Structure formats: structure tokens, C-alpha cells
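Some notes on the structure that comes next.
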Amino acid sequence: MVKWWKQSTFYEIYMPSFKDGNGDGIGDFAGMTSKLDYLKELGIDGLWLTPFYPSPKVDNGYDISDYYEIDPDYGTMADFETFIQEAHQRGIKVIADLVLNHTSSDHQWFQESKSSKDHPKRDWYIWRDFPNNWVSFFGGPAWEYDAKTNQYYYHAFAKEQVDLNWANPEVKQAMFDVMKFWLEKGVDGFRLDVINFLKVNDSFQDNPYDLEKKEQIHLFDKDQEGVIAIIEEIAEFVHQYPDKFLVGEVGSEELDILKLYSGLNKLDVVFNFNIGSMAKFDVDKLYQQLVGTEQAYDSTQIPTLFFSSHDMSRHISRFGGDEDLAKLVATLMLTAKGVPFIYFGDEIGMRDWITDDLSKMKDVQGITGYKLALQEGKSHEEALLVANEKSRDKSRTPMQWNARANVGFSEGKPWITVPEDGYKVTVEDQINDPESMLSFYKKLLKLRKKHSSLQFGDYEFLRNEDGMIYFVRTDTVEKVLVVLNFTDQPKTLEVEVAATMKLLLSTKRTGLDRESVVTILANEAVILKGDIGNGLVKER
Ligand code: NOJ
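Taking this note's numbering, the leading residue of the sequence shown gets 3, the next gets one more, and so forth.
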């Protein structure tokens, strides 16, 4: 039996921003339940929900203060259960975001840990008499002084997100209990937050500095010895439950490191941020990643494909706002080899939101960036630029359902600003328009479901020529040729069997010329199906 996730397309929901069901301006389970039919119709198979546990929300839920409850902003445990049930009834799986690396400083465990040096939970976190030079990923030192016990504790992110000490077996056990609880509640797996951070080097040596990039090299605080062994234990534990899925967030630019985390007895898949957070569209870089992953991965490993998330600017905005390019990217994401993750709102082409009003900024990374810039002597204007560059609010604004009040997201005042131009890009506006972004995503998702080679096929070949990426995916049943012309010029492609090829989808036309040379229009994505046994593209 093929594992369900190998055939699935996931959709990330940023909890506070999808749909508010009770009018308090914050997305919740009731709201999401009311939109399950929309998601079903869109054609996704699995949902990744950002953290929904009680949290002071310094980092919007990535600072958990109770692993066994639902944050009241999102509803009750009963609302959660109804949501899972209703999703499952529609054949939609649900994976929960789990933060194993750190807890909120409000968590009872940390409160106990900091109460005294002798407390049995002292060693659940990382305490030292002196800090080293490690910096937090949000900026500033990664160590916070605690006057009561005259020691420093370690936090890789905000000081309110305290790193757990995974070298302590009690911590591991506590987290296995948490996983068990949610698996038994019916979640279909987990997205594991910053999972390559679970171990730090116990020598606590200073990190080196990259003079060129002017930043610290995180040599001793991630990807440390022992972390893979822990991951294997987590995988073994979770996979005891049939059909549960694990996707890991592994922030690493090195495919050689990334590949250590997934495959047999490890995580099912990991995210590849080299594709996911490309600062601007770069066809060669994209191709290198596709090919590099093919070369680095063994036959038990499957890539992931994503271009946006709650941690970065939306790809349509990052890549210049062009809808044709956004459609090409969507085509690649849903036809290339890998498990795709769509970020909510990308299916309608939602754009980034940027504010020059600091009081409207919600993201801890943006706010911290602003404060540190002021400390470095920058002016308010300069600091605001830094804040805007760092702030992840850009992609966290409410889902744009319609052009009525608060884009149909909430009857109350939304927790974050609704962008003014958001009223022009809505589900309601696109749902019946066959040319819309939404209709395009639906077509792609349908095609992927229908064609086994798009789910499982190997690359017969994968090429990059002159701004055009094209590949053939083949399984035992069929061959599908995907051609993506990322340039403003028409291109030609010599094909072998134009007469028997069927046009499955194009962003620019409805028919196909029956020649041995196919012209790919400027900025066009084309998907063609051919007979098994034939080559589709002329070998050169
Ligand atoms: C990764 C999450 O995606 C991000 O939103 C969060 O700030 C960090 N991990 C810390 O938990």
C-alpha cells in the first residue's frame, strides 16, 4: 500500500488568519470547520496547522505554555475534535505543528526549573554560569540572565522561548507523552519545528564569525552530534501508530545536511528552504536544487516543494507580483517530484502586506529587529526598514474570502491589519472565473490527482535550457511532459510524437500544434501526456 502522504498535497493554515468563527477577530477551529468544503473543493489532501496550544503568543504560538490544551483564542477541545472529525469525513488529513525544541517561559516546567538550582527540573533547560557568544536567530544574545539563581538560560529564538535540554531523558519522555496524546486525539502526524536544533554542542564553544556576510556561523548550536539519533527515536515512536506522517523543519542550506534527516527510520520528509525562501526568482538556482536533491537523496527519500510559508514573504510578491510567474511556480510545485505544501491564500494570489506604522507590527522578529537597530544607533526610519525586512507579518494577514467587511474573515476587528488592496483579490471574486488563479490551482490539483506519474513518477529527464525548465515524469502507466518557460520569449522544443501527445494543461492556449517542434509561448506552462514507450522530447 502506498503511503497516503506520498500522494498528498498539503495546505498550510496559519491559525489566527484563516477564518474567524466567533467574531473575536482571531481565526479559530469553528471558522476552519466552516471552510472545509472550500478546501475539499480546492483539492488538497492534508492540512498543516500552525501551533494551536495555549501560549502567551510572543511568537504566535511557537511559545507553548501547555502542550495538552487548545488555546482559548482558537476554541475548545470539543471544537478541535469536531474539526478533526469533519476533516476526516471529507478525506482530509490534519497534521499538527509541534514545538519540541523550546517551551514558553510561562510553561510550568520552566517556572519550576528557574525556581532553584536544585529543583529536579533544573536540568530540563540549558543553564550556564556564563554565556558564550551564541546569538539568537531573532537577533541579540541567545542567553538570558536570571538574577534569582545567578545563571543564564539558553534560547535560540526569543527569550520567552526557552530551549529544552534534550540530553535529559526526562525531557524526551515528557515530549513522547505529548506526541502520544495528540496522536490518540486523531492527528495524522506532525510538522516538527526547528527539529535540527534539538541538540547543542556540549562544549559550548563560541561560534565563528563570517566576515563577508557579517554574521555568526551557527556551527555549534544546530545539526549537532546526537540529533539524528533522537530523530530516529521520535520517528520510531510516531511510526508505531500506523499511517502517521512526520515532516521536519530543517533550516540548512546544505543538501548534504538536509538529506541526513529523512528516509528510512527517520522523518518522512523535510522542508528545503533553498527553494522555499529564494529571495528572488532564479531559474538556475531552482533547477540546481531540483537536480541537487535528485543526486543527494537515496531511493527512500522524497523531496518537498514549497515556495511560501508564515515565515517569509509570499512568493508572488517576492518574485515581483507577476501572475504568469506565479502560475509557472504553482505548476512546478504541483508537478515536479516531491510532496507539495501550498501556503493559504497563495491559491488566490494574495500579496504581501507592509506597514510603516510600527504600532501595527505584530511579529516578534520585526519588533526585535527594530529595537536592535535603534540600539545600534540607527534612526527611526532606518530601524523601520530593518523591521520591515525582518517582519513576517507580510504573509500573515487574514485570508481574503470576499470584498465585504474585513474581507469576510471576521465580524470583529481582525488581530492584524487587512491590506487595503486585499479586497480586490478574493475567493468570491475568483471562484467562478475559469481564468483565475484559484481555478488554475484547482485544475493543477485535479491533474495531479488523476495522473499517477505526477505523484510517483521518476524523472526520465530534467533539463534547464535558456530559462526554460522541462521534465518528463514516467511511471509504469504514462509519461507526462511539463515545460515551464520562465522567459518573455517564445521557445521551441523538439518533440518526438506530437501527433499522439495530449495537451493536459496550458496557461496560454487550448490546443496543440501537431508538429514535431512545439512552440512554448513566453511565460507559458504546458503539460503534455504521451504514450508509454515513446520518448517525448528529442534527445540531443
Ligand atoms: C519556525 C517557525 O516556523 C517560526 O515561525 C518560529 O518563529 C520558529 N520556528 C521558532 O519556533
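Where is the CB? At the ideal position from N, CA and C, for every residue including glycine.
Since the model is a prediction, treat every value here as computed from it, not as a measurement.
- Rounded to the nearest whole angstrom, the CA to CA distance from Thr306 to Ala407 is 36 Å.
- The three-state reading of DSSP puts Arg124 in helix, counting H, G and I together.
- A direct Cα-to-Cα measurement between Leu440 and Glu325 gives close to 12 Å.
- At a cut-off of 8 Å, the beta-carbon of Arg394 counts as near the ligand NOJ: some heavy atom of the ligand is closer than that.
- Following the DSSP letters along the chain, one finds Lys493 inside the beta strand (DSSP E) bounded by residues 493 to 496.
- Cβ contact annotation for Ala298 (same chain, cutoff 6 Å, sequence separation greater than five): Leu257, Lys261, in chain order.
- Remark: the shortest separation between the CB of Glu255 and any heavy atom of the ligand NOJ does not fall under 8 Å.
- Rounded to the nearest whole angstrom, the C-alpha separation of Glu71 and Val366 is 23 Å.
- Within a 10 Å sphere around the beta-carbon of Ser10 sit 16 or more other beta-carbons, which makes this residue buried.
- In this structure, Gly513 and Leu505 form a Cβ contact; the two beta carbons are roughly 7 Å apart against a cut-off of 8 Å.
- Closest in alpha carbon position to Gln87, among Val164, Asp125, Ser36, is Ser36.
- According to the DSSP assignment, Tyr40 belongs to the alpha helix (DSSP H) that extends over 38 to 44.
- Under the three-state reduction of DSSP output, Ala158 falls in the coil class, being neither helix nor strand.
- Cβ atoms of Gly368 and Ser397 stay farther apart than 8 Å, at about 12 Å.
- For the pair Asp22 and Asp75, the Cα-to-Cα distance works out to about 10 Å.
- In the same chain as Phe273, and ignoring 5 residues on each side of it, the C-beta atoms closer than 6 Å to its own belong to Glu251, Thr306, in chain order.
- Leu269 and Gly424 have their C-alpha atoms some 37 Å from each other.
- Here DSSP, grouped into helix, strand and coil, assigns Arg450 to helix.
- Rounded to the nearest angstrom, the gap between the Cα atoms of Pro210 and Phe222 is 9 Å.
- The beta-bridge partner set that DSSP reports for Glu14 consists of Trp50, Tyr345.
- From the listed residues Val528, Met181, Glu83, the smallest Cα separation to Thr494 is found for Val528.
- For Asn487, the secondary structure class from DSSP, reduced to helix, strand or coil, is strand.
- In this structure, Tyr155 has its beta carbon at no less than 8 Å from each heavy atom of the ligand NOJ.
- Looking only at Gly45, Thr428, Ser19, Gly29, the smallest Cα-Cα distance to Phe12 is reached by Gly45.
- Bridge partners of Ala527 according to DSSP: Leu486.
- Excluding sequence positions up to five before and after Met503, its CB lies within less than 8 Å of the CB of Leu483, Val497, Leu514, Leu530, Lys531, Gly532, Leu538, all in the same chain and listed in chain order.
- If you check the CB distance, Tyr156 and Tyr147 do not come in under 9 Å.
- Put simply, of Ile418, Ser67, Arg316, Phe343 the residue whose alpha carbon is nearest the alpha carbon of Ser361 is Ile418.
- Considering only Pro53, Ala32, Asn103, the residue with the shortest C-alpha distance to Thr84 is Ala32.
- Runs of the alpha helix (DSSP H) spanning 4 or more residues and lying entirely within the region 279 to 304 occur at 285 to 298, in chain order.
- When distances are taken from the beta-carbon of Gln163 to the heavy atoms of the ligand NOJ, the shortest one is below 8 Å.
- No residue range can be given for Asp435, since it is assigned to no alpha helix (DSSP H) and is classified by DSSP as neither H nor E.
- DSSP links Ala98 through a beta bridge to Leu51, Phe192.
- Under the three-state reduction of DSSP, Ser19 is assigned to helix.
- DSSP places Trp111 in the uninterrupted alpha helix (DSSP H) bounded by 110 to 117.
- When beta bridges are read from the DSSP output, Val539 appears opposite Val497.
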